[in-house]
Amino acid sequence: QPSTVNTMWRAGVTLLLGACSCPGTAFLHTTRHASRARVLAALSEPVNPAWGAHQSTALSLDQQCFSSEAFWSVLVPKFVGQEVETLPRFADFLRRLREEPPDAISALAAEGRELLNQYTFPGIDDGREPFPSPNDFEWCQLLQSPEFIATAQEELAATLQTMPLHSDDSPPTDAVSWQSAAWYGWQFLPLRAASRTMPRTVEMLERAQVPFAHRFVGVARQRAATEGILHSDRRNYMLSSLTGLKVPTGCDITVHGERRPIQNGKTLIVDNTFFHKVNNPADEDRFVLMIEFWHPSLTSEEAKAMEKFFAVKDMYTLVGLKQVPWGFMDDEIEDAIQTGRIMELDFWMGLQESRGS
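Sequential numbering from 3 applies to the sequence shown in this note's numbering.
The following block contains the structure:
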């Protein structure tokens with residue numbers, strides 16, 4: 003909520019100005035000796051969490067990060083400087099984020115795919131298929147195990163009681179955790195935001211060492227009697243898993259013209275650079291656990307570097323842009339400001355707010 007975010011910024015600004023260990027504080031839009039009145043005046047402007055707006059707002063915030071000289075000259079060298087020096091494909095990916103125009107698209111019509119040039123990781127586009135096999139990913143065994151499915155279903159039911167969906171016919175408020183994006187009838191609850199109501203689900207996923215990527219890791223709901231729009235996610239460094247938790251009969255997903263059913267207790271892997279859409283013809287909502295994870299063509303070192311980089315991006319979104327990144331709750335951000343943990347990379351990684359404490 004804007005008032006809450008402004009309050010926590012006021013409470014934590016002195017700690018931030020004094021405790022930041024980065025060389026220089028340009029990314030805070032101030033210096034340690036700047037006028038506190040000027041700082042507080044800037045922070046009193048309305049603040050809208052990135053995850054509380056349409057997807058385009060989040061993309062705009064990302065671009066503000068990637069257009070910031072302070073982001074590249076201060077935070078990136080501090081946290082991933084060594085990886086830039088030793089991982090040439092990762093370094094080239096960062097170069098693209100910084101230099102490529104945000105709206106440039108590579109349309110791979112013959113393959114049924116589309117990529118954003120800015121978000122293209124080099125050297126991993128050979129041998130693509132719409133539906134990679136879950137058998138190729140050991141952790142998918144957990145996702146389809148009866149114990150995990152029962153746990154996730156039970157905790158989802160409880161979560162819907164305490165964190166209800168919002169109306170599809172009006173924009174979500176800052177007070178709700180389910181967020182809209184992409185198309186009518188689609189709502190998403192990040193597991194980071196639901197870690198208090200789905201703790202066993204989160205614990206089991208982390209114990210299985212699922213290689214979570216940085217965007218969508220949570221529960222995706224599709225409204226009854228709706229069909230999603232045909233689209234590509236345009237980012238080649240991630241795949242998606244869809245595991246049915248509460249799925250009525252008849253739900254499916256079509257990827258590159260191939261249709262497959264979405265079923266309770268079953269996991270599909272999707273390469274969402276291919277054009278795809280989901281369908282729910284039933285008279286009740288559909289809920290799946292959706293996990294975007296690093297493409298297996300990334301080396302383990304590259305995947306770790308990507309995880310760290312996008313954590314740095316979230317850090318800058320809060321500290322430099324004064325916005326709450328997707329998936330984070332106001333109260334955990336407030337606690338992190340008070341303790342100084344917003345400058346610790348571990349705080350921004352993982353699915354549990356307690357991670358790294």
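By construction, the Cβ of each residue, glycine as well, lies at the ideal position given by its N, Cα and C atoms.
Check, Outcome
"6 Å Cβ shell around D94 - same chain, five flanking residues per side excluded", "P124"
"Beta-carbon proximity of F295 to P174, cut-off 8 Å", "no"
"Local conformation of P263 per DSSP, three classes", "strand"
"Burial state of Q143, where buried means 16 or more other Cβ atoms lie within 10 Å", "exposed"
"Alpha-carbon to alpha-carbon, H233 and S108", "14 Å"
"Cβ-based neighbour list, V314, same chain, cut-off 6 Å, excluding 5 preceding and 5 following", "L77, F81"
"Within 8 Å, strictly: CB atoms of A284 and A226", "yes"
"Alpha helix (DSSP H) segments (min. 4 residues) lying fully within the region 106-179", "142-145, 148-164"
"Cut-off 8 Å between Cβ atoms - residues of its own chain near R261, not counting five sequence neighbours on either side", "D254, I255"
"Nearest residue (CA-CA) to E101, options G83, I126, W74, L110", "W74"
"Cβ neighbours of R237 in the same chain (closer than 6 Å, five flanking residues each side left out)", "Y121"
"C-beta atoms of E229 and L89 nearer than 8 Å", "no"
"Classification of Y318 by the beta-carbon crowding that lies within 10 angstroms, buried from 16 upward", "buried"
"Run of the beta strand (DSSP E) containing L347, from where it starts to where it stops", "Premise fails: L347 is in no beta strand (DSSP E) and is neither H nor E."
"7 Å CB neighbourhood of L167 in its chain, flanking five on each side removed", "W180, Q189, R223"
"Closest residue to R202 among V249, D171, R91, A152 (Cα-Cα distance)", "A152"
"CB contact flag (Y239, I126, <8 Å)", "yes"
"Beta-carbon gap between F139 and I271 smaller than 8 Å", "yes"
"Residue range of the alpha helix (DSSP H) that includes F73", "Taken as a continuous stretch (DSSP letters only), F73 belongs to no alpha helix (DSSP H), as it is neither H nor E."
"With 16 other Cβ atoms within 10 Å as the buried cut-off, status of I339", "buried"
"Beta-carbon contacts of F218 that lie in its chain and below 6 Å, excluding the five residues immediately before and after", "M292, E294"
"Contact set for I231: own chain, Cβ-Cβ below 8 Å, skip 5 residues either direction", "A184, W185, K279"
"Rounded straight-line distance, which links the Cα of P327 to that of D316", "6 Å"
"Continuous alpha helix (DSSP H) stretch holding P90: start and end", "90-101"
"Bridge partner(s) assigned by DSSP for E294", "S242"
"Which of helix, strand or coil DSSP assigns to V212", "coil"
"Inter-residue spacing [alpha-carbon to alpha-carbon] between P192 and L320", "18 Å"
"Span separating the alpha-carbon of D273 from that of G114", "11 Å"
"Top-ranked residue by Cα proximity to E334, from S147, F349, F277", "F349"
"Burial state of D287, where buried means 16 or more other Cβ atoms lie within 10 Å", "buried"
"Rounded distance between the beta-carbons of T199 and A154, thought under 8 Å", "That pair is no contact at about 12 Å."
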